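All remarks here apply to the structure that follows.
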Amino acid sequence: MAAPASRGSGGGACNPTGSLDYCLAQLQRGTEPGLGKALLALRTQHIKETGGIARFRTHGGLAPLLGILSGSPRPRRTLDLALSILGNCCTEGGSRTQVRELGGIPPLVIILKSLAVESILNRTARALGNLAVDLENCQAIHEAGAVSQLIQVLTTSQDSECLQSVIRAIRYLADTPAHRLSLAQQGAVRPIAERLVSSLEDGPLIAAVVRALVELTKGCSRDCAEQLSLGGGGGAPRNLSWPRETGGAGIGPRGPR
Numbered sequence: 001m002a003a004p005a006s007r008g009s010g011g012g013a014c015n016p017t018g019s020l021d022y023c024l025a026q027l028q029r030g031t032e033p034g035l036g037k038a039l040l041a042l043r044t045q046h047i048k049e050t051g052g053i054a055r056f057r058t059h060g061g062l063a064p065l066l067g068i069l070s071g072s073p074r075p076r077r078t079l080d081l082a083l084s085i086l087g088n089c090c091t092e093g094g095s096r097t098q099v100r101e102l103g104g105i106p107p108l109v110i111i112l113k114s115l116a117v118e119s120i121l122n123r124t125a126r127a128l129g130n131l132a133v134d135l136e137n138c139q140a141i142h143e144a145g146a147v148s149q150l151i152q153v154l155t156t157s158q159d160s161e162c163l164q165s166v167i168r169a170i171r172y173l174a175d176t177p178a179h180r181l182s183l184a185q186q187g188a189v190r191p192i193a194e195r196l197v198s199s200l201e202d203g204p205l206i207a208a209v210v211r212a213l214v215e216l217t218k219g220c221s222r223d224c225a226e227q228l229s230l231g232g233g234g235g236a237p238r239n240l241s242w243p244r245e246t247g248g249a250g251i252g253p254r255g256p257r
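The sequence shown begins at 1 in UniProt numbering and counts up one residue at a time.
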């Protein structure tokens, strides 16, 4: 009978530099070249294992991971990997709660505000969207000022995947009448509605737009109606139930990427 696997094995038992223990130690140190190797192993191996996200969380991985995102400036590759891991972790309820409790939401808003790299903006918006599935997180994201930064990305990005992540995050932030009104008052509806006209050939993006407008137009306020009209989406409401009727993808936290 095989001996029980150690906590740090997970496919890396014969390779100490790929073990979970090694990865956690490198996250704590936060220096290269060990940090890059650890992030890559976490993303490609540990987080993808069955129960891997919960294991990473319970062994204290989220705090140093968030420290990488909130500390001194990091290379693009480091941020990409760290944000990818965080977004994947936020598909798990315990991690979503812990990220909020560790103060991990404001640093994500700062990243949206201070960096203009599409891949980083995409991963940051994806993480926020996954976090926003929980009501307390949704409130915290609004309070952190994320909406204005998401709208800024929405109006400047030309990358379809990035736009889909931003629009999806905004959809989850439209969870209550008060939040929908806040989104409309901050101008979130018009740039989303404009995509109905400008991105007709991009099926996945149009699907994300329609799903978002379904939520944003519930109990449609005057601000919302005006933006919908100005954005060219005035004729869209009669079709806005389409994604739900067809069981479109995108419901719930977005999984590993």
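Ideal Cβ positions, reconstructed from N, Cα and C, are used throughout, including at glycine.
All figures in this text were calculated on a predicted structure; none of them were measured in a lab.
At which residues does the alpha helix (DSSP H) containing residue i begin and terminate?
i	result
P107	105-114
D134	Looking at the DSSP string, D134 is not in any alpha helix (DSSP H), and its letter there is neither H nor E.
K37	34-41
Q28	20-29
L79	76-89
E101	93-101
Let me confirm a value: residue i is counted as buried when at least 16 other C-beta atoms fall within 10 Å, else exposed. Which label applies?
i	result
V109	buried
V147	buried
T217	buried
R92	Position check: residue 92 holds Glu in this sequence, whereas Arg was assumed. The residue in question, E92, is buried, as its Cβ has 16 or more Cβ neighbours within 10 Å.
V197	exposed
S72	exposed
L35	buried
R180	buried
G60	exposed
A178	exposed
L135	exposed
G87	buried
Where does residue i sit, in a helix, a strand or coil, going by DSSP?
i	result
I68	helix
P177	helix
R168	helix
V153	helix
V117	coil
I47	coil
L128	helix
H59	coil
E161	helix
L230	helix
G187	coil
G52	helix
G140	The displayed chain sequence assigns Ala, not Gly, to residue 140. Helix, per DSSP.
G235	With a pLDDT of only 49 at G235, under the threshold of 50, the placement of this residue in the model should not be trusted; the figure read from the coordinates follows. G235: coil per DSSP, three-state reduction.
Please list, in chain order, all residues of the same chain as residue i whose beta carbon is under 8 Å from its beta carbon, the five residues on each side excluded.
i	result
Q149	V109, L112, K113
A212	I167, R168, I170, R171, A174, I192
I206	R195, L196, S199, L200
P107	L66, L69, S70
A82	L39, L65, I68, L69, R74
V209	I167, I192, A193, R195, L196, S199
Quick one: residues in its chain with C-beta nearer than 7 Å to the C-beta of residue i, no 5 flanking neighbours on either side, listed in chain order?
i	result
D80	S119, I120, R123
P253	C90, T91, N130, V133
A63	L102
I151	Q186, G187, A188, P191
L230	R190
Are the C-beta atoms of residue i and some chain B residue less than 8 Å apart?
i	result
A140	This model lacks chain B altogether; it includes just one protein chain.
Could you name the residues of the same chain whose beta carbon sits closer than 6 Å to that of residue i, not counting the 5 residues immediately before and after it, in chain order?
i	result
Q227	V189, R190
L144	Checking the sequence shown, residue 144 turns out to be Ala, not Leu. Excluding sequence neighbours, A144 sits near I105, P106, V109.
T155	P191
A140	R100, I105
Q28	P64
Quick one: which unbroken alpha helix (DSSP H) runs of 4-plus residues sit fully inside the region 191-222? Chain order, please.
For the region 191-222, whole alpha helix (DSSP H) runs of length 4 or above, ordered along the chain, are 203-216.
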